[in-house]
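Quick note on numbering that gives the first Met the number 0: the sequence shown kicks off at 0 and runs consecutively. Idealized CB from N, CA, C, for every residue including glycine. From a predicted model like this one, the values you see are computed outputs, not experimental measurements. Each remark here refers to the structure printed beneath this line.
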Amino acid sequence: MCVHEHCIDRLIEQTKNDQLDETISLESLITSFNYFIQLYNVHLKNEPLFNCNIKLMDFTRTILSAVDALSVDSMALMILTGKDVDCLLKIAKTAASNVSGPLSMGSMDEVGSLLLLKSSNSSDSNEGLIILLNELVHFATTVRVIIRRIKRRIPNKPIGQQPLSFNQDVAQKLDTVIQLFDSIVGTMYTTTRLAGQLTVRQVEDSSNLEPNVVFTQCLTEACKEYLTSIDLRTSSTSRPSVISPEILVRTNLSQIARIISQIAIAMENGEYDFDGTKQPLPQEPVVARAIAYKRAQTELEGCRAKLESRGEELRELQKALKARADELSEMSVRVSLAEKKLETAGKSNEEKISRLEQRLEQSEAQQKRNEKEYEQTLDALQADIESLEQEKADLKEKLKTLSKKALFEGIIKSPLLPSK
Numbered sequence: 000m001c002v003h004e005h006c007i008d009r010l011i012e013q014t015k016n017d018q019l020d021e022t023i024s025l026e027s028l029i030t031s032f033n034y035f036i037q038l039y040n041v042h043l044k045n046e047p048l049f050n051c052n053i054k055l056m057d058f059t060r061t062i063l064s065a066v067d068a069l070s071v072d073s074m075a076l077m078i079l080t081g082k083d084v085d086c087l088l089k090i091a092k093t094a095a096s097n098v099s100g101p102l103s104m105g106s107m108d109e110v111g112s113l114l115l116l117k118s119s120n121s122s123d124s125n126e127g128l129i130i131l132l133n134e135l136v137h138f139a140t141t142v143r144v145i146i147r148r149i150k151r152r153i154p155n156k157p158i159g160q161q162p163l164s165f166n167q168d169v170a171q172k173l174d175t176v177i178q179l180f181d182s183i184v185g186t187m188y189t190t191t192r193l194a195g196q197l198t199v200r201q202v203e204d205s206s207n208l209e210p211n212v213v214f215t216q217c218l219t220e221a222c223k224e225y226l227t228s229i230d231l232r233t234s235s236t237s238r239p240s241v242i243s244p245e246i247l248v249r250t251n252l253s254q255i256a257r258i259i260s261q262i263a264i265a266m267e268n269g270e271y272d273f274d275g276t277k278q279p280l281p282q283e284p285v286v287a288r289a290i291a292y293k294r295a296q297t298e299l300e301g302c303r304a305k306l307e308s309r310g311e312e313l314r315e316l317q318k319a320l321k322a323r324a325d326e327l328s329e330m331s332v333r334v335s336l337a338e339k340k341l342e343t344a345g346k347s348n349e350e351k352i353s354r355l356e357q358r359l360e361q362s363e364a365q366q367k368r369n370e371k372e373y374e375q376t377l378d379a380l381q382a383d384i385e386s387l388e389q390e391k392a393d394l395k396e397k398l399k400t401l402s403k404k405a406l407f408e409g410i411i412k413s414p415l416l417p418s419k
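Rendered as structure tokens:
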């Protein structure tokens, strides 16, 4: 937005310093104008209407500027085509005298007819352009007079008292008129600009600029740029026909005349006077900004309190985290000591296991030796037992033999004893 503001400020400075001439390009101004229109349509078009006085006052200022632009462009085209501008001045004077009476005395159609100049349609391009310029001057003069009447009827009172009151439909009609005027003014401005360029070429070629050239080359191109959105259809067929540029311009003028007639008659009849209905006053932007700032400060204080509480919680969590970290470090030391003890115990257990394994091996070897000795001893004892049993048997045999011998000897010797 700053770029568009700088563009407008630069044009204002050039106007103040009397440096604004035909060499200054208005493309940047048109771009800024379209940007602000788009901004309004997106953000402000559906906003409620708080002050009808300001709305209607802005409307009258805009329309007066538009009709001035139409008059200037019409006279410029008359001069560029080499025609006399006195006829335009006479038409303007006649139009101003025709709307001298009160508008409320006639019907809306009669008021609308005052805005439009009745003329016969001509197929000649030369006459068509001149007739169109006459109609534009007549229309601009009549609208200027009617808009000034409307402006004089706007009460000059403080904003808070709401001197006028109309609904959103009327406001929409005002916006429609401004849009239609924008199309007409843009068309005539572009036509004048293109005609000026053609005039420079004609001067170089030492020839005059004919109205039919302006009509066919300049006005037609301008209508293609600004007035192609109008959908006009013929009465006989449903297909759109090729519309002549002056028909497009007159169609817009008739729509503007109809709406302005309604507004002018309504103003004279007092239909827009304040009906006593109190509407909420619009809040000043500074006050709204102050309230928003206070609300933001309150929210900021709440956020600051929440932030402080969160900071306290964070510090407590940091302390708890530090305590847990100390416990974790202590536990890690204990774990390392336990691992060292476990490692030492493992080494000692391994030594004990190795010693026990050695003792087990020695015991197994000793047991094997003892078993072998036992077996040898057992074998020796068994052999001794067997030898002893054999000796026992032998002794028993000897004993038997000896006992028999002794018995025999006793028997033998016993009878011999009494004989002595």
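Expressed to the nearest angstrom, what Euclidean distance is found between the alpha-carbon atoms of residue i and residue j?
| i | j | result |
| --- | --- | --- |
| residue 247 | residue 210 | 18 Å |
| residue 173 | residue 38 | 18 Å |
| residue 340 | residue 350 | 15 Å |
| residue 31 | residue 25 | 10 Å |
| residue 400 | residue 384 | 23 Å |
| residue 22 | residue 195 | 12 Å |
| residue 309 | residue 284 | 36 Å |
| residue 234 | residue 243 | Low confidence applies here, because residue 234 scores a pLDDT of 34, under 50, leaving its location unreliable and the question unanswered by this model. |
| residue 282 | residue 271 | 23 Å |
| residue 290 | residue 43 | 21 Å |
| residue 103 | residue 268 | Any answer about residue 103 is weak, because its pLDDT of 46 lies below 50 and its placement is not dependable; what the coordinates show is given next. Roughly 7 Å between the two C-alpha positions. |
| residue 333 | residue 325 | 12 Å |
| residue 344 | residue 357 | 19 Å |
| residue 389 | residue 407 | 26 Å |
| residue 16 | residue 27 | 19 Å |
| residue 319 | residue 296 | 34 Å |
| residue 322 | residue 338 | 24 Å |
| residue 193 | residue 20 | 16 Å |
| residue 72 | residue 259 | 22 Å |
| residue 214 | residue 198 | 14 Å |
| residue 250 | residue 13 | 37 Å |
| residue 353 | residue 395 | 60 Å |
| residue 387 | residue 346 | 59 Å |
| residue 163 | residue 82 | 45 Å |
| residue 8 | residue 68 | 21 Å |
| residue 366 | residue 380 | 20 Å |
| residue 371 | residue 397 | 38 Å |
Which residue marks the beginning of the alpha helix (DSSP H) containing residue i, and which one marks its end?
| i | result |
| --- | --- |
| residue 57 | 51-79 |
| residue 216 | Unbroken run through residue 216: none, as it is neither H nor E. |
| residue 21 | From DSSP, residue 21 is part of no alpha helix (DSSP H); its letter is neither H nor E. |
| residue 294 | 284-412 |
| residue 41 | 26-42 |
| residue 251 | 244-267 |
| residue 153 | Counting along the chain, residue 153 falls outside any alpha helix (DSSP H), and DSSP gives it neither H nor E. |
| residue 83 | Counting along the chain, residue 83 falls outside any alpha helix (DSSP H), and DSSP gives it neither H nor E. |
Just list the residues that DSSP pairs residue i with in beta bridges.
| i | result |
| --- | --- |
| residue 272 | 163 |
When burial is assigned at 16 or more other CB atoms within 10 Å of the CB, is residue i buried or exposed?
| i | result |
| --- | --- |
| residue 154 | exposed |
| residue 4 | exposed |
| residue 41 | exposed |
| residue 230 | Residue placement at residue 230 is flagged as unreliable, the pLDDT there being 41, under the threshold of 50; the coordinate-derived value follows with that caveat. Residue 230 should be labelled exposed. |
| residue 70 | buried |
| residue 65 | buried |
| residue 222 | buried |
| residue 302 | exposed |
| residue 238 | Per-residue confidence for residue 238 stands at a pLDDT of 41, beneath the threshold of 50, marking its modelled position as unreliable; the derived number appears in the next sentence. That one is exposed. |
| residue 75 | buried |
| residue 1 | exposed |
| residue 245 | buried |
| residue 294 | exposed |
| residue 422 | Lying outside 0 to 419, the shown extent of the chain, residue 422 is not represented and no answer is given. |
| residue 98 | buried |
| residue 165 | buried |
| residue 263 | buried |
| residue 348 | exposed |
| residue 393 | exposed |
| residue 225 | buried |
| residue 143 | buried |
| residue 90 | buried |
| residue 362 | exposed |
| residue 240 | The pLDDT assigned to residue 240 is 48, lower than 50, so where the model puts this residue is not dependable, and the model offers no usable value. |
Is residue i near the ligand ADP - that is, is its Cβ less than 7 Å away from at least one heavy atom of it?
| i | result |
| --- | --- |
| residue 96 | This structure does not include the ligand ADP; it has no bound ligands of any sort. |
Should the stretch 81-96 be called in touch with the stretch 136-148, which here means at least 3 C-beta pairs below 8 Å?
Flag = yes, the stretch 81-96 and the stretch 136-148 touch.
Three Cβ pairs or more, each shorter than 8 Å: is that satisfied between the stretch 46-66 and the stretch 142-150?
The stretch 46-66 is in contact with the stretch 142-150.
Does the pairing of the stretch 211-225 with the stretch 179-199 give three or more beta-carbon distances under 8 Å?
In this structure the stretch 211-225 lies against the stretch 179-199, because at least three pairs of beta carbons, one per stretch, are closer than 8 Å.
Could you check whether the stretch 249-259 touches the stretch 166-185, counting it as contact only if at least three pairs of C-beta atoms, one from each stretch, sit closer than 8 Å?
Contact holds: three or more Cβ-Cβ distances are below 8 Å.
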